[in-house]
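Contents: one structure, followed by commentary.
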Amino acid sequence: QAYNFYKKAQASVWSAEEMILTQDRNHWEHKLSKEERAMFSHVLAFFVTADSIIGENLVEQFTCEVQVPEIRLFYGFQSMIENIHWEVYSLLIDSFIRDPEERHQLFHAFLAMPAIRRNTEWALHWIKSDRSFATCIVAFAAVEGIFFSGSFATIFWLKKRGLMPGLMFSNELISRDEALHTQFACYVYSILKNQLKDDELQSVVIDASEVEQLFWHGQSSFFEKRVSNYAKAYVR
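This is how it looks when you write it as structure tokens:
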């Protein structure tokens, strides 16, 4: 089954060059409000930060601990896909954000944005080498399955308005990739001999859900509240 997951991932490969942003730049500047641009800048900053954590974790920890060849195949391929995701989000920030100082803040969101720092610290807290592999797998699935869901939802919200086709294209592919990664993490956990106790597993998942809802809490503008509620529905 692990090999089948690998072949699914392999069949779904794509590249950043497939994303066309010609219309997106115009939509960003002339179709989105100032509040909307701030919201989506926040989302892109989160994704750039999160994909960096996932990529580093795959290389430094999972591929070192796992000995099953088919699972290592998938993780190796996932690492490459996460690099593509990071490249895409970096290109989006570079394309949409003209101000160098603002771009710098988005690429260093861990320091500049408290909500993103909270999510990042949660991930780093749970995905560490001194924790059991089972704990890391559950936390890893929570990051990709819970933390990402609200941000994907905000971007899909734009689809109703026919805006940002390049961003929409990449969001559809990346959300598909991350759904597969989450499914694979759940599969790997299901075959572990040493799993977490039910209350331990629930604690990690509930904690992740609460942190993610905080990420969307307290948005100030009417637009952001609408999208925030839309995103929270996905998190729940």
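Heads up, the sequence shown is in this note's numbering, so the first residue is 1112 and it goes up one at a time.
Even glycine gets a Cβ: it sits at the ideal position worked out from N, Cα and C.
Legend entry - G1261 beta carbon less than 9 Å from that of A1290: Result no, Cβ atoms of A1290 and G1261 do not sit closer than 9 Å.
Inset, instruction - For W1268, name the three-state secondary structure that DSSP assigns. - result: Residue state, collapsed to three classes: helix.
Legend entry - Close Cβ partners of H1138 (< 7 Å) along its chain, the five nearest in sequence each way excluded: If we look at H1138 and ignore the five residues flanking it on each side, its Cβ neighbours are L1274, M1275.
Legend entry - Span of the alpha helix (DSSP H) around H1292: 1276-1301
Inset, instruction - Select from E1167, A1113, A1161, I1131 the residue whose C-alpha is nearest the C-alpha of E1323. - result: A1161
Inset, instruction - Could you have a look at I1195 and say whether DSSP puts it in helix, strand or coil? - result: helix
Legend entry - Stretch pair the stretch 1215-1224 + the stretch 1146-1165: three plus CB contacts closer than 8 Å: yes
Inset, instruction - Identify, in the order they occur along the chain, each residue of the same chain with its Cβ nearer than 8 Å to the Cβ of Y1298, setting aside the five sequence neighbours on each side. - result: Q1112, A1113, F1116
Legend entry - Helix, strand or coil at G1273 [DSSP, three-state]: coil
Legend entry - Sequence-distant residues of the same chain with beta carbon closer than 7 Å to T1231, five excluded per side: T1160, I1164, F1221
Legend entry - Best match in K1308, R1287, L1325, D1309 for proximity to Q1121 [C-alpha to C-alpha]: R1287
Inset, instruction - Could you tell me which of A1319, E1311, A1252, S1201 sits nearest to Y1300, measuring between CA atoms? - result: By alpha-carbon distance to Y1300, the top candidate from A1319, E1311, A1252, S1201 is A1252.
Legend entry - Reduced DSSP secondary structure (H/G/I, E/B, other) of I1238: Correct three-state label for I1238: coil.
Inset, instruction - Identify whether V1177 lies in helix, strand or coil by the three-state DSSP scheme. - result: coil
Legend entry - Reduced DSSP category for A1342 - H, G, I as helix; E, B as strand; rest coil: Residue placement at A1342 is poorly supported in this model, since its pLDDT is 48, which falls under 50; the coordinates still yield a value, given next. Here A1342 sits in helix by DSSP.
Legend entry - Residue from N1282, S1243, A1234 whose Cα sits closest to the Cα of L1132: N1282
Inset, instruction - Would you kindly check if the distance between the Cβ of T1174 and the Cβ of G1166 is under 9 Å? - result: Taking 9 Å as the cut-off, the Cβ atoms of G1166 and T1174 do not count as close.
Inset, instruction - Give the single residue among V1179, Y1200, S1190 whose Cα lies nearest to the Cα of F1280. - result: Y1200
Inset, instruction - Would you check if the distance between the CB atom of M1151 and the CB atom of I1317 is smaller than 9 Å? - result: It is Phe, not Met, that sits at residue 1151 in the sequence shown. It is not a contact, given that the beta carbons lie outside the stated cut-off.
Inset, instruction - Please name the residue, chosen from K1270, I1195, R1229, T1246, that lies closest to W1327 on a Cα-to-Cα basis. - result: The candidate whose alpha carbon is nearest that of W1327 is R1229.
Inset, instruction - Mind checking which residues open and close the alpha helix (DSSP H) that includes Q1134? - result: 1133-1141
Inset, instruction - Rank A1245, I1182, I1204 by C-alpha distance to the C-alpha of K1304 and give the top, closest one. - result: A1245
Legend entry - Residue of L1284, W1125, M1130 minimising C-alpha distance to S1206: Considering only alpha carbons, the answer is M1130.
Inset, instruction - Measure the Cβ-Cβ separation of F1295 and Q1189 and say whether it is below 9 Å. - result: yes
Inset, instruction - Note down, in chain order, each residue of its chain lying with its Cβ closer than 7 Å to the Cβ of K1239, except the 5 sequence neighbours on either side. - result: none
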